[in-house]
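Visitor:
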Amino acid sequence: MHRYRIFFLALLLCAGVRLAAAQSEVQPSPAEQKIARLEAQIADAKSAGDNSWMLVSSALVLMMTGPGLALFYGGLVRKKNVLSVMMQSFMLMAIISVLWALVGYSLAFAPGNSFLGGLSHAFLRGVGGTPDADYSSTIPLQTFMVYQLMFAIITPALITGAFAERMKFSAMVAFMILWFFIVYAPMAHMVWGKGGFLNAALGGRVPTLDFAGGTVVHITSGVSALVCALFLGKRLGYPREPMPPHSVVLSVIGACLLWVGWFGFNAGSALSAGSLASSAFVATHLSAAMATIAWAVMEWIRNGKPSVLGAISGSVAGLVAITPAAGFVTPMSALVIGLIAGSVCYLMVAKVKGIFGYDDSLDAFGVHGAGGTLGALLTGIFATSAVNSIFKDSKGAVLPVGLVDGHGGQLLNQAIGVLIAWCIAAVGTYVILRIVDAVIGLRIPPDDEIMGLDLSQHGEEGYNI
Amino acid sequence: MKMISAVIRPHRLQHVKEALADAGIVGLTVTDVRGAGRQKGQIERYRGSEYSMDLIPKVKLEVAVEDDQSEAVLRAIREAAYTGEIGDGKIFILPLDDALRIRTGERGEGSL
Numbered sequence: 001m002h003r004y005r006i007f008f009l010a011l012l013l014c015a016g017v018r019l020a021a022a023q024s025e026v027q028p029s030p031a032e033q034k035i036a037r038l039e040a041q042i043a044d045a046k047s048a049g050d051n052s053w054m055l056v057s058s059a060l061v062l063m064m065t066g067p068g069l070a071l072f073y074g075g076l077v078r079k080k081n082v083l084s085v086m087m088q089s090f091m092l093m094a095i096i097s098v099l100w101a102l103v104g105y106s107l108a109f110a111p112g113n114s115f116l117g118g119l120s121h122a123f124l125r126g127v128g129g130t131p132d133a134d135y136s137s138t139i140p141l142q143t144f145m146v147y148q149l150m151f152a153i154i155t156p157a158l159i160t161g162a163f164a165e166r167m168k169f170s171a172m173v174a175f176m177i178l179w180f181f182i183v184y185a186p187m188a189h190m191v192w193g194k195g196g197f198l199n200a201a202l203g204g205r206v207p208t209l210d211f212a213g214g215t216v217v218h219i220t221s222g223v224s225a226l227v228c229a230l231f232l233g234k235r236l237g238y239p240r241e242p243m244p245p246h247s248v249v250l251s252v253i254g255a256c257l258l259w260v261g262w263f264g265f266n267a268g269s270a271l272s273a274g275s276l277a278s279s280a281f282v283a284t285h286l287s288a289a290m291a292t293i294a295w296a297v298m299e300w301i302r303n304g305k306p307s308v309l310g311a312i313s314g315s316v317a318g319l320v321a322i323t324p325a326a327g328f329v330t331p332m333s334a335l336v337i338g339l340i341a342g343s344v345c346y347l348m349v350a351k352v353k354g355i356f357g358y359d360d361s362l363d364a365f366g367v368h369g370a371g372g373t374l375g376a377l378l379t380g381i382f383a384t385s386a387v388n389s390i391f392k393d394s395k396g397a398v399l400p401v402g403l404v405d406g407h408g409g410q411l412l413n414q415a416i417g418v419l420i421a422w423c424i425a426a427v428g429t430y431v432i433l434r435i436v437d438a439v440i441g442l443r444i445p446p447d448d449e450i451m452g453l454d455l456s457q458h459g460e461e462g463y464n465i
Numbered sequence: 466m467k468m469i470s471a472v473i474r475p476h477r478l479q480h481v482k483e484a485l486a487d488a489g490i491v492g493l494t495v496t497d498v499r500g501a502g503r504q505k506g507q508i509e510r511y512r513g514s515e516y517s518m519d520l521i522p523k524v525k526l527e528v529a530v531e532d533d534q535s536e537a538v539l540r541a542i543r544e545a546a547y548t549g550e551i552g553d554g555k556i557f558i559l560p561l562d563d564a565l566r567i568r569t570g571e572r573g574e575g576s577l
């Protein structure tokens, strides 16, 4: 409030000086003065509306990591490891926030080259109440910064599902810090940053559509998860020993929080509170609903019973796949995307994982890697200018967006974006794992693994009842 | 005195408790246990993983009785725990040397 008052005073002062200068020439009529005043008030009201939605969205996206993901993953592991996976998500909320404020935001969103931002916003210099019109002309840059921070938090947290129940906590922290700089910051800059190589709205060379993070968040985390699972090897006893989730109940609560939080993730990515946010909200919800049904029905047909874990996994698959598409597709396209995502991710987790035999403990790749890739490609098919006229020619006429508009080339752009995300994630993660393994060692000793990470890494137990 | 130890299906516990009460037995100890017998384990599926759980959840109840009550109690437990399917459980009868009521120090059958 105080800020705004000062801002207004400054505005009035400026206006006063200009008025004084103009007075000697032409005096604006009272009507003109009134119009100017009204325009300022309208702009202010719009900014307040957009900003309130974006602050709520920021909080919703943080809620996806804690408690959403912490509960979702926490329920899926064995009782002796429940605290360790929750701790990984929770500490990332803290670690990434500090990195983001120091240099992370700048590396992702400050002007730089095509692949990485510069350091002009390091230590949050110049990130204040004034909007940056390139990103959003109505919300304070500080809101934009904190909103993007929440994405940077959940992305590495998603990877923890792949190495759950066997990675040293110290190695996890080192891995995530390096991963944030080597994989996340460049990828976020390329897709969303000014002048990024893949940025569709701000002059990228290969305009890739990624509304809320199919490539930046889900492909990078999912592919990195696969590399982690392969590099670390299987948990002791996998797949011979039964390792059932210790509490599907916790996972259901987590999945529900993820579903709700995803409205902030996708509808918030409109960066305003207008009709585009509504459109993304509806698409997100419908895709999640359809994917839930798809996964449950696939299981019902194959196993004779629809499982609770299947239903909630389906919802997450649908949410992942709609993420890049949310602000570009119609509600009916969202249903189709959800149907495909629910079915394909089910097959990835139930069939493909078994064929290859890797131990992706909590299926971070099967859901986020596969769902993100699928969503990014389907965006190229279903994106339409009827929902979002993002492409315009030099005269301002609306151009077709996706294949349904007759612009097949977009599918190629999407494929290039997917390929780059896969490469950066795979190569970056492999290099980081080699470094951390050499310096710290990735896996905990077998005795500690049998005892459980809660006791061996944190000296606590999840349940003392 | 006899110690009667019965391993039964968890969902029959309520019936067995009522049957024991009808037979005049109110003192009993119940434990959640897991075990294996002739009943095959159950299959549980979590996403792609299929686990056969060979140790199945059961309930164990222990009752200490006087010698002449023993047959009536066995009959009551069997009737109440019976479904006719494999997995109904087993009853073990053990000799019981002595017993002591902590509050009063009573020994033997009087302490039951």
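So the protein lines, in turn, are chains A and B. With our numbering, the residue at position 434 of the first sequence is 434, and numbering never jumps. With our numbering, the residue at position 58 of the second sequence is 523, and numbering never jumps. Where a beta carbon is used, it is the ideal one built from N, C-alpha and C, also for glycine. No experiment lies behind these values; they were computed from the predicted model shown.
(1) At a Cβ cut of 8 Å, what residues of the segment 483–515 of chain B count as close to chain A, listed as they run along the chain?
(2) Quick check: is any heavy atom of the ligand HEM less than 7 Å from the C-beta of A31/A?
(3) Where L119/A and H458/A are concerned, what is the direct C-alpha to C-alpha distance, given to the nearest angstrom?
(4) Below 8 Å on C-beta distance, what does L309/A contact in chain B?
(5) I need the straight-line Cα distance from R235/A to I542/B, nearest angstrom please.
(6) Quick one, which residues of the segment 251–285 of chain A are near chain B if we go by CB-CB under 9 Å, in chain order?
(7) Could you give the residue range of the alpha helix (DSSP H) that holds D487/B?
(8) Tell me, please, which residues DSSP counts as bridged to D497/B.
(9) Do you know whose CA, among T220/A, L319/A, M243/A, A325/A, lies nearest V427/A's CA?
(10) Pick out whichever of N199/A, G213/A, L38/A has its Cα sitting closest to the Cα of G372/A.
(11) Considering just the uninterrupted stretch of the beta strand (DSSP E) at E515/B, what are its terminal residues?
(12) In terms of alpha-carbon separation, which member of A188/A, M348/A, T284/A lies closest to L335/A?
(13) If I follow the unbroken alpha helix (DSSP H) through E32/A, where does it start and stop?
(14) Return the bridge partner residues of G575/B from the DSSP annotation.
(15) Do K523/B and G554/B count as a contact pair if the criterion is CB distance below 8 Å?
(16) To the nearest angstrom, how far is the alpha carbon of L76/A from that of R477/B?
(17) Between V85/A and chain B, is the shortest Cβ-Cβ distance under 8 Å, so that the two count as touching?
(18) What residues of chain A sit near M518/B, judged by a beta carbon separation below 9 Å?
(19) From the beta carbon of K353/A, is the nearest beta carbon of chain B less than 8 Å away?
(20) I177/A and L62/A - do their beta-carbons sit closer together than 8 Å?
(21) Find the nearest neighbour of T292/A within the set P306/A, S279/A, R302/A, judged by alpha-carbon distance.
(22) Please return the same chain residues whose Cβ sits closer than 7 Å to the Cβ of F197/A, not counting the five positions on each side in sequence.
(23) For S470/B, which three-state DSSP category applies?
(24) Identify, in the order they occur along the chain, each residue of the same chain with its Cβ nearer than 6 Å to the Cβ of K79/A, setting aside the five sequence neighbours on each side.
(25) Opposite Q507/B in the DSSP bridges: which residues?
(26) Below 8 Å on C-beta distance, what does A350/A contact in chain B?
Guide: A quick look at the data gives this:
(1) E509, R510, Y511, R512, G513, S514
(2) Absence of the ligand HEM is noted for the structure shown, with no ligands found whatsoever.
(3) On the first sequence, position 119 is the one that residue 119/A refers to. On the first sequence, position 458 is the one that residue 458/A refers to. Using only the alpha carbons, I get a separation of about 36 Å.
(4) If you number the first sequence from 1, residue 309/A lands on position 309. The answer, in chain order, is Y511, R512.
(5) By one-based count along the first sequence, residue 235/A stands at place 235. By one-based count along the second sequence, residue 542/B stands at place 77. The straight-line gap from Cα to Cα measures roughly 44 Å.
(6) none
(7) Here the question's residue 487/B lines up with position 22 in the second sequence. It spans 478–487 - the alpha helix (DSSP H) in which D487/B sits, taken as one unbroken run.
(8) Looking up residue 497/B in the second sequence gives position 32. Paired residue(s): V524/B.
(9) On the first sequence, residue 427/A is found 427 positions in, with the first residue counted as 1. The option with the nearest alpha carbon to V427/A is T220/A.
(10) Reading the first sequence from its first residue, position 372 is the one you call residue 372/A. Closest option to G372/A, Cα to Cα, is G213/A.
(11) If you number the second sequence from 1, residue 515/B lands on position 50. Its beta strand (DSSP E) spans residues 514–518.
(12) As a position in the first sequence, residue 335/A is number 335, starting the count at 1. If we check each option's Cα against that of L335/A, T284/A comes out closest.
(13) The residue given as residue 32/A occupies position 32 in the first sequence. It spans 30–63 - the alpha helix (DSSP H) in which E32/A sits, taken as one unbroken run.
(14) Looking up residue 575/B in the second sequence gives position 110. DSSP lists no partner for G575/B.
(15) Along the second sequence, read from residue 1 onward, the residue named residue 554/B stands at position 89. Along the second sequence, read from residue 1 onward, the residue named residue 523/B stands at position 58. The answer is yes: Cβ separation under 8 Å.
(16) As a working mapping, residue 76/A is identified with position 76 in the first sequence. As a working mapping, residue 477/B is identified with position 12 in the second sequence. In a straight line, the C-alpha of L76/A is about 30 Å away from that of R477/B.
(17) One-based indexing of the first sequence puts residue 85/A at position 85. Output row for V85/A: interface = no.
(18) As a first step, residue 518/B must be located in the second sequence, where it is residue number 53. Here the neighbours are P242, P244.
(19) Residue numbering aside, residue 353/A sits at position 353 when the first sequence is read from its first letter. Yes, contact with chain B.
(20) Within the first sequence, the letter at position 62 stands for residue 62/A. Within the first sequence, the letter at position 177 stands for residue 177/A. Contact: no.
(21) The sequence position of residue 292/A within the first sequence is 292, counting from 1. Residue P306/A is the option with its Cα nearest to T292/A.
(22) The sequence position of residue 197/A within the first sequence is 197, counting from 1. Correct list, in chain order: S114, F115, M190, G204, R205, V206.
(23) In the second sequence, the residue the question calls residue 470/B occupies position 5. In this structure, S470/B counts as strand in the three-state DSSP scheme.
(24) Position 79 of the first sequence, counted from the start, is the residue given in the question as residue 79/A. H246, listed in sequence order.
(25) Sequence index remark: in the second sequence, residue 507/B carries index 42 (1-based). Partner(s): M518/B.
(26) Stepping through the first sequence from its first residue, residue 350/A is reached at position 350. Here the neighbours are R512, G513.
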